[in-house]
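K.L.:
For the sequence shown, the UniProt record's numbering assigns the number 1 to the initial residue and increments by one for each residue that follows.
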Amino acid sequence: MAKGILVVDDAAFMRMMIKDVLTKNGFEVVGEAENGAKAVDNYKELDPELVIMDITMPEMDGIQAVKEVKKLNPDAKIIMCSAMGQQAMVIEAIQAGAKDFIVKPFQADRVVEAVSKVLG
């Protein structure tokens with residue numbers, strides 16, 4: 001049984017857009033968080049199959065959150081969201097264990113493609 005997806009972004013609007021794309025394409029969103037610290041707490045609580053995480057957030061950024069989630073579960077599947085021009089941070093996130101990344105403003109089909117690929 002699919003455990004669903006945790007959506008993490010400090011912008012409520014972005015979380016809503018990502019959730020909308022996912023649910024319209026048959027994926028289940030089990031939770032959301034507005035910063036990396038909440039993402040780690042929600043990950044512990046919800047044990048999602050996949051996390052879609054923004055890089056730039058208050059309290060704890062996405063890269064630090066990836067590292068924390070990977071400590072909890074080395075096999076965690078994480079897709080990063082980044083704005084244009086954050087290549088260095090995307091590379092750092094991939095090195096920290098993220099499986100893929102989506103560039104904002106994202107295309108719905110790119111989100112679905114990344115999620116499908118990572119979930120296999």
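Positions of the beta carbon are idealized from the N, C-alpha and C atoms, including for glycine.
The model shown is predicted, which means the values in this text are computed figures rather than measured ones.
(1) Leaving out five residues on either side along the sequence, give the residues of the same chain with a beta carbon under 6 angstroms from the beta carbon of residue 63.
(2) Let me check one thing: in DSSP terms, what residues is residue 40 bridge-paired to?
(3) Could you check where the beta strand (DSSP E) with residue 80 kicks off and where it finishes?
(4) In this structure, how does DSSP classify residue 49 when only helix, strand and coil are distinguished?
(5) What whole-angstrom Cβ distance do residue 89 and residue 55 have, given they're in contact under 8 angstroms?
(6) Rounding to the nearest angstrom, what Cα-Cα distance links residue 24 and residue 73 in this structure?
(7) Quick one: grab the DSSP three-state call for residue 28.
(8) Looking at the secondary structure, which residues open and close the alpha helix (DSSP H) in which residue 71 lies?
P.N.:
According to the structure data:
(1) 92, 93, 96
(2) Beta-bridge pairing links residue 40 to no other residue.
(3) 78-83
(4) coil
(5) 5 angstroms
(6) 28 angstroms
(7) coil
(8) 62-72
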